[in-house]
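Here the sequence shown is numbered in my numbering, starting from 13 and rising by one per residue. Where a beta carbon is used, it is the ideal one built from N, C-alpha and C, also for glycine. Remarks on the structure that follows.
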Amino acid sequence: MMENIGKFVLGLIIGAGIVGIAAIITIGVPSANSIAVIKIQGVITSSPSLLSETVSPDDIYGMIQKVEESPYYRAVVFEINSPGGSVVASREMAGYVKAMEKPTVCWLSDVAASGAYWVASSCDVIVSDPLSITGSIGATASYLEFSKLFDKYGVTYESITSGENKDMGSPFRNMTSDERENMEYIVNETFRYFLGEVVKNRNLTEAQVDQISSGGIFLGKDAIELGLVDRIGSFQEAKSMAKEIAGLDYAEFVSMKKKGLGLFDLIGMM
Numbered sequence: 013m014m015e016n017i018g019k020f021v022l023g024l025i026i027g028a029g030i031v032g033i034a035a036i037i038t039i040g041v042p043s044a045n046s047i048a049v050i051k052i053q054g055v056i057t058s059s060p061s062l063l064s065e066t067v068s069p070d071d072i073y074g075m076i077q078k079v080e081e082s083p084y085y086r087a088v089v090f091e092i093n094s095p096g097g098s099v100v101a102s103r104e105m106a107g108y109v110k111a112m113e114k115p116t117v118c119w120l121s122d123v124a125a126s127g128a129y130w131v132a133s134s135c136d137v138i139v140s141d142p143l144s145i146t147g148s149i150g151a152t153a154s155y156l157e158f159s160k161l162f163d164k165y166g167v168t169y170e171s172i173t174s175g176e177n178k179d180m181g182s183p184f185r186n187m188t189s190d191e192r193e194n195m196e197y198i199v200n201e202t203f204r205y206f207l208g209e210v211v212k213n214r215n216l217t218e219a220q221v222d223q224i225s226s227g228g229i230f231l232g233k234d235a236i237e238l239g240l241v242d243r244i245g246s247f248q249e250a251k252s253m254a255k256e257i258a259g260l261d262y263a264e265f266v267s268m269k270k271k272g273l274g275l276f277d278l279i280g281m282m
């Protein structure tokens with residue numbers, strides 16, 4: 013079943029490669045009145061990859077747990093630079109951020125789009141660089157189809173399946189109208205869920221929803237009028253905002269990040 017489903021690329025879905033193991037390291041020592049800085053960078057995937065820069069819900073959950081359980085951390089700043097990724101992983105990560113009891117501030121760096129914006133919308137306050145790329149609230153599905161190429165070279169394709177939709181998404185034949193309708197339903201329902209979560213998180217007006225529901229991308233300086241961000245500013249301003257909502261005059265900022273173990277590390281552990 014997964015063989016055929018995998019031929020589709022849903023709007024926020026990108027596959028991961030070799031899996032590594034992640035540990036959490038901190039840069040700086042937390043003390044009273046500390047604020048954690050957590051970077052969400054790369055494609056959001058269910059599992060980490062050694063082949064590209066990725067971030068998974070498990071990576072972020074481990075850091076969030078550390079912040080929530082420590083009496084030293086008073087707030088957290090999420091620095092986001094990600095185009096999005098897996099729709100399921102994005103939803104899971106956004107849920108972890110939203111469930112935090114300590115104040116959360118998000119800063120949008122170069123790009124915080126699609127699933128990454130879903131995560132950002134779960135923060136208490138969003139600060140964005142004026143030229144950050146954000147938005148892209150939507151879903152797509154696509155697949156390659158080679159049937160006309162086969163016709164040109166006289167190649168035939170035969171498939172024996174247990175059901176008429178079992179090989180849906182096969183690149184070797186045309187999609188039927190029923191299959192297309194099924195995929196459109198999946199894409200539209202994914203979009204409605206995604207949009208609904210953003211609307212709830214950001215308390216958007218009907219007019220704002222109309223402007224963002226086309227799936228377009230926006231500069232940070234324009235996103236503020238759409239209700240997608242709260243203020244325009246630098247990373248330093250995001251940190252100042254975290255101090256403000258935590259009620260602190262002074263704070264020690266402690267960076268937290270994952271430490272991945274590569275393939276040779278894994279072999280050495282066997």
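Check: Could you give the DSSP three-state label for L240: helix, strand or coil?; Outcome: coil
Check: Assess contact between the region 115 to 130 and the region 93 to 103, defined as three or more Cβ pairs (one per stretch) separated by less than 8 Å. Is contact present?; Outcome: yes
Check: From A132 to G107, what does the alpha carbon distance come to, in whole angstroms?; Outcome: 11 Å
Check: Leaving aside the five residues before and after E264 along the sequence, list all residues of the same chain whose C-beta is less than 6 Å from its C-beta, in chain order.; Outcome: S43 and S46
Check: With a Cβ-Cβ cutoff of 8 Å, do S102 and I56 count as a contact?; Outcome: yes
Check: Which whole runs of the beta strand (DSSP E) in the region 42 to 99 are 3 residues long or more, in chain order?; Outcome: 46 to 53 and 85 to 94
Check: Which value, in whole angstroms, describes the spacing of the CA atoms of L207 and G166?; Outcome: 45 Å
Check: To the nearest angstrom, report how far apart G245 and L231 are at their CA atoms.; Outcome: 13 Å
Check: Could you please give the first and the last residue of the uninterrupted beta strand (DSSP E) stretch that includes V117?; Outcome: T116 to A125
Check: By the 10 Å Cβ neighbour count, where 16 or more other Cβ atoms means buried, how is T66 classified, buried or exposed?; Outcome: buried
Check: Report, in whole angstroms, the separation of the C-beta atoms of R86 and A250, which I expect to be a contact under 8 Å.; Outcome: 15 Å between Cβ atoms; not a contact.
Check: Given this structure, state the Cα-to-Cα distance separating E5 from Y129, to the nearest angstrom.; Outcome: Nothing in the structure corresponds to residue 5, since the chain is present only between 13 and 282.
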